[in-house]
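Trainee: As given, the protein sequences belong to chains Y and U, one line each in that order. Here the first sequence is numbered in my numbering, starting from -11 and rising by one per residue. Here the second sequence is numbered in my numbering, starting from 791 and rising by one per residue. Note that the Cβ used here is the ideal one computed from N, Cα and C, for glycine as well.
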Amino acid sequence: MRKIWRLISAAFLGLVLLTCLSACGAKSVAEQDVLTTDQRTNRITWGVKADTRLFGLENIRTGKLEGFEIDLAKALTKKILGPNGKCTFVPVTSGTRVPLLKNGNIDAIMATMTITPEREKQVDFTHSYFDAGQSLLVKKGSPIKNIQDLNKPGKVILGVSGSNSVKNVAKFAPRARVLQLSDYAQAMTALKSKQGDALTTDNGILYGMAAENPHYEVVGGNFTKEPYGIAVNKNQNRFRKKLNWALDQVEKDGTYNRLLLKWFGHVKGFNYQEMKR
Amino acid sequence: MINLISSQWQPLLLGLWNTILCSVIALIGSLIIGTFFALLEISQKRVIRVIGSVYVEVFRNIPLLVIAMGFFLIVPMYIAKINGFTAGTIGLTLYTSAFIAETVRAGINSVETGQLEGALANGMTYTQAMRYIILPQAFKVVIPPLGNQFINLVKNSSVLAFVAGFDLMYQGNLIANDTLQTMPTYFIVGVLYLIITLPLSYYMRHLEKKLA
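Right, dumping it as structure tokens:
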């Protein structure tokens, strides 16, 4: 019996050591200078959304990702690496993006990520590249008109776990119950099957959902400001500065406004002129 | 890690409680439903046998996540309003009951046919023979595989995380997203699952020894 116990504890110790080692290994990848590596391989790996219409959505027919952030990432890559620069897109969710960045699987996150003080402790952000605001999506004809209508016991708000919007909504409607689902597609389905009274996230994403589901509408206006930034690992100042420079470039030469028009020009209820840079 | 526990013990405890509650309900429910369908499967009437097999094959061969999602998203649309916890627990109960039905059926088949014949010859009805002669012997045989199913059930209860059932895994996801301390959070969640499953597996072994 004692022999068995010794064996078990040895195996357990080995496992713990292995986990530690693999964690350390990943850390060193994230600590390498991303810009140097990317310039050598002529490739930037972006973490993007694959389930969010207008920002980053996988086209089921072609298998390619499409959206404002995808196009912006391509434009930034070209600015940084030159016209032949290539980019790889890795689909992330609100929950997986930071761990993937920390492990070095992706170089930068451009996935509808709001710049917040808590997140700035973990990652570094560039300037904001899009100014969103949090809003509500409800079924047409719903009695809910704004966030105050949801601040009652018994009301259920749907959101996506890991997103900033679920934290905000707890401040604005503390009496409501918040259900956090794993992605926007699932949250939308849950809203359709009446698991909640409203779906909350940033207005840009909600407009994309409303365009797809004509029986649903965005109500109540924006109750927060959500500036989106590109996130990179800590200690990647060279890469971050280069991204900021590239952002300035695409804003100056009109690429930014062109992309904004392409993706948001036709969206009903969305003030495209206000977002121009 | 200690910081994480001391600041997040409330959601963790709530998650642990919901996981235990869901597991206990699903364990009792699946044992009853599973035994019932095992009896259908060994019935002498063909129609009843077919009903039993159809049930078992359907719930055994669809992924648990699909079943739980079905209860979470489709049932509220057409039948009744149920929340994530209820949907997940029902899904888990039905899914596990299919495996338990197969396990119990194997146990019943392992009891010699002479036992049933002897019981019937002594004037017992079919139901009485099952209740007093066959099932007690069958359960004794299948305790080890049943223990496996129960441990699987506790772990499978993490499906509640995907239907917003506020279980341990759901709370773990939220804490990991909130604090961005992914590794330590899931480590704690793993240890909390062990706290449920280890005593369960020890108890099943004890039961096995006691009854053998």
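Please state whether DSSP places PHE43(Y) in a helix, a strand or coil.
Mentor: On the first sequence, residue 43(Y) is found 55 positions in, with the first residue counted as 1. PHE43(Y) falls in the coil class under three-state DSSP.
Trainee: Expressed to the nearest angstrom, what Euclidean distance is found between the alpha-carbon atoms of ASN91(Y) and VAL154(Y)?
Mentor: What you label residue 91(Y) is simply residue 103 of the first sequence in a count that begins at 1. What you label residue 154(Y) is simply residue 166 of the first sequence in a count that begins at 1. Approximately 25 Å between the Cα atoms of the pair.
Trainee: Let me know if ASP241(Y) comes out buried or exposed under the rule of 16 or more other beta-carbons within 10 Å of its beta-carbon.
Mentor: Here the question's residue 241(Y) lines up with position 253 in the first sequence. Classification of ASP241(Y): exposed, given that the 10 Å Cβ count is below 16.
Trainee: Could you name each continuous alpha helix (DSSP H) segment of 4 residues or more that falls completely within the region 60 to 98 of chain Y, going from the start of the chain to the end?
Mentor: Counting whole runs of 4 or more residues, the region 60 to 98 of chain Y contains the alpha helix (DSSP H) stretches 85 to 90.
Trainee: Run down chain Y in chain order and give the residues with a C-beta less than 7 Å from the C-beta of THR972(U).
Mentor: Residue mapping note: residue 972(U) aligns to position 182 of the second sequence, counting from 1. Those are PRO87, listed as they occur along chain Y.
Trainee: Give the range of the beta strand (DSSP E) segment to which GLY35(Y) is assigned.
Mentor: As a working note, residue 35(Y) is residue 47 in the first sequence. Taken as a continuous stretch (DSSP letters only), the beta strand (DSSP E) holding GLY35(Y) covers 31 to 37.
Trainee: Would you identify the three-state DSSP class for GLU902(U), choosing helix, strand or coil?
Mentor: The count along the second sequence starts at 1 and reaches residue 902(U) at position 112. GLU902(U): coil per DSSP, three-state reduction.
Trainee: Please classify GLY257(Y): is it buried, with 16 or more other beta-carbons within 10 angstroms of its beta-carbon, or exposed?
Mentor: Numbered from 1 along the first sequence, position 269 holds the residue referred to as residue 257(Y). Classification of GLY257(Y): exposed, given that the 10 Å Cβ count is below 16.
Trainee: Under 7 Å between C-beta atoms, does ALA891(U) make it to chain Y?
Mentor: On the second sequence, position 101 is the one that residue 891(U) refers to. So no, ALA891(U) is outside the interface.
Trainee: For ALA234(Y), collect the residues of the same chain with a Cβ closer than 6 Å to its Cβ; drop the 5 residues on either side in sequence, then sort them by chain order.
Mentor: Counting from one through the first sequence, the residue named residue 234(Y) turns up at place 246. Same-chain partners within the cutoff: LEU64, LYS67, ILE68.
Trainee: Report the residue from PRO989(U), LEU794(U), ARG895(U), ASP968(U) whose alpha carbon sits nearest the alpha carbon of PRO280(Y).
Mentor: The shown model of chain Y, from -11 to 265, leaves out residue 280(Y), and the question about it has no answer.
Trainee: Please check the pair LEU806(U) and LEU982(U), which I expect to be a contact at CB under 8 Å, by giving their CB distance rounded to whole angstroms.
Mentor: For this step, residue 806(U) is matched to residue 16 along the second sequence. For this step, residue 982(U) is matched to residue 192 along the second sequence. Contact holds; Cβ gap of about 5 Å.
Trainee: Considering only the beta carbon of each residue, do PHE118(Y) and TYR260(Y) sit closer than 7 Å?
Mentor: In the first sequence, the residue the question calls residue 118(Y) occupies position 130. In the first sequence, the residue the question calls residue 260(Y) occupies position 272. Not in contact: PHE118(Y) and TYR260(Y) (Cβ atoms no closer than 7 Å).
Trainee: Consult DSSP for PHE118(Y) and reduce its assignment to one of helix, strand or coil.
Mentor: Residue numbering aside, residue 118(Y) sits at position 130 when the first sequence is read from its first letter. Here PHE118(Y) sits in strand by DSSP.
Trainee: LYS871(U) versus chain Y: which residues are under 9 Å apart at the beta carbon?
Mentor: Within the second sequence, numbered from 1, the residue matching residue 871(U) stands at position 81. Correct list: LYS182, GLN183.
Trainee: Are the region 938 to 951 of chain U and the region 839 to 850 of chain U touching, with three or more C-beta to C-beta distances below 8 Å?
Mentor: The region 938 to 951 of chain U vs the region 839 to 850 of chain U: no contact.
Trainee: Is there a Cβ from chain Y that is less than 7 Å from the Cβ of PRO866(U)?
Mentor: The residue given as residue 866(U) occupies position 76 in the second sequence. Yes, PRO866(U) counts as interfacial toward chain Y.
Trainee: Are the region 135 to 146 of chain Y and the region 798 to 805 of chain U in contact at 8 Å, needing three or more beta carbon pairs?
Mentor: Output reads no: the region 798 to 805 of chain U does not touch the region 135 to 146 of chain Y.
Trainee: Can at least three beta-carbon pairs, one atom from the region 52 to 64 of chain Y and one from the region 28 to 39 of chain Y, be found at a separation below 8 Å?
Mentor: A contact exists between the region 52 to 64 of chain Y and the region 28 to 39 of chain Y.
Trainee: Does any residue of chain U have a CB that is nearer than 7 Å to the CB of THR177(Y)?
Mentor: As a working note, residue 177(Y) is residue 189 in the first sequence. With 7 Å as the cut-off, THR177(Y) counts as an interface residue toward chain U.
Trainee: Kindly identify the DSSP beta-bridge partner or partners of GLU214(Y).
Mentor: If you number the first sequence from 1, residue 214(Y) lands on position 226. In DSSP, GLU214(Y) forms a bridge with ALA120(Y).
Trainee: Identify whether ASP957(U) lies in helix, strand or coil by the three-state DSSP scheme.
Mentor: To locate residue 957(U), count along the second sequence from 1; it is residue 167. In this structure, ASP957(U) counts as coil in the three-state DSSP scheme.
Trainee: At the level of alpha carbons, what is the spacing between ASP95(Y) and ARG85(Y)?
Mentor: Start at 1 with the first residue of the first sequence, and residue 95(Y) comes out as number 107. Start at 1 with the first residue of the first sequence, and residue 85(Y) comes out as number 97. Going by the C-alpha atoms only, they are around 11 Å apart.
Trainee: Give the interface partners of GLY150(Y) over in chain U, defined as CB-CB distance under 7 Å, in chain order.
Mentor: Position 162 of the first sequence, counted from the first residue, corresponds to residue 150(Y). Within chain U, the residues near GLY150(Y) are ASN967.
Trainee: Measuring alpha carbon to alpha carbon, tell me which of GLY962(U), LEU1001(U), MET920(U) ends up nearest PHE826(U).
Mentor: Taking the second sequence and counting its residues from 1, one reaches residue 826(U) at position 36. It is MET920(U) whose Cα lies nearest to the Cα of PHE826(U).
Trainee: In three-state terms, what does DSSP make of ASP185(Y)?
Mentor: Translated into positions along the first sequence, residue 185(Y) becomes position 197. DSSP places ASP185(Y) in coil when its eight states are reduced to three.
Trainee: Would you say ALA909(U) reaches chain Y, if we count a Cβ-Cβ gap shorter than 7 Å as a contact?
Mentor: Start at 1 with the first residue of the second sequence, and residue 909(U) comes out as number 119. No, its Cβ sits nowhere closer than 7 Å to a Cβ of chain Y.
Trainee: Beta-carbon of LEU964(U) versus every beta-carbon of chain Y: anything under 7 Å?
Mentor: For the purposes of this step, residue 964(U) is taken as the residue at position 174 of the second sequence. Cβ-Cβ to chain Y under 7 Å: yes for LEU964(U).
Trainee: Terminal residues of the continuous alpha helix (DSSP H) containing LEU950(U)?
Mentor: By one-based count along the second sequence, residue 950(U) stands at place 160. Premise fails: LEU950(U) is in no alpha helix (DSSP H) and is neither H nor E.
Trainee: With 7 Å set as the bound, which would you pick, yes or no: does the beta-carbon of LEU169(Y) sit closer than that to a beta-carbon of chain U?
Mentor: The residue you call residue 169(Y) lines up with position 181 of the first sequence. It does; some Cβ of chain U falls within 7 Å.
Trainee: In or out: LYS264(Y) buried (at least 16 other Cβ within 10 Å) or exposed?
Mentor: For the purposes of this step, residue 264(Y) is identified with residue 276 of the first sequence, where counting begins at 1. The residue in question, LYS264(Y), is exposed, as its Cβ has fewer than 16 Cβ neighbours within 10 Å.
Trainee: Measure how close the beta-carbons of PHE227(Y) and VAL22(Y) come, nearest whole angstrom, since I'm counting them as under 8 Å.
Mentor: Locating residue 227(Y) in the first sequence gives position 239, where the first residue counts as 1. Locating residue 22(Y) in the first sequence gives position 34, where the first residue counts as 1. Between VAL22(Y) and PHE227(Y) the Cβ distance is about 5 Å, and since that is below 8 Å, they are a contact.
Trainee: Please report the straight-line C-alpha distance between ALA164(Y) and LYS182(Y), rounded to a whole angstrom.
Mentor: The sequence position of residue 164(Y) within the first sequence is 176, counting from 1. The sequence position of residue 182(Y) within the first sequence is 194, counting from 1. Those two C-alpha atoms are separated by around 15 Å.
Trainee: Chain U partners of GLY83(Y), CB-CB under 8 Å?
Mentor: On the first sequence, residue 83(Y) is found 95 positions in, with the first residue counted as 1. By Cβ distance, chain U contributes ASN963, ALA966, ASN967.
Trainee: Hey, could you find the ends of the alpha helix (DSSP H) ILE193(Y) is sitting in?
Mentor: Within the first sequence, the letter at position 205 stands for residue 193(Y). Segment 191 to 200, the alpha helix (DSSP H) holding ILE193(Y).
Trainee: So the alpha helix (DSSP H) ARG995(U) belongs to, where does it begin and stop?
Mentor: Within the second sequence, the letter at position 205 stands for residue 995(U). Run containing ARG995(U): 972 to 1001, per the alpha helix (DSSP H) assignment.
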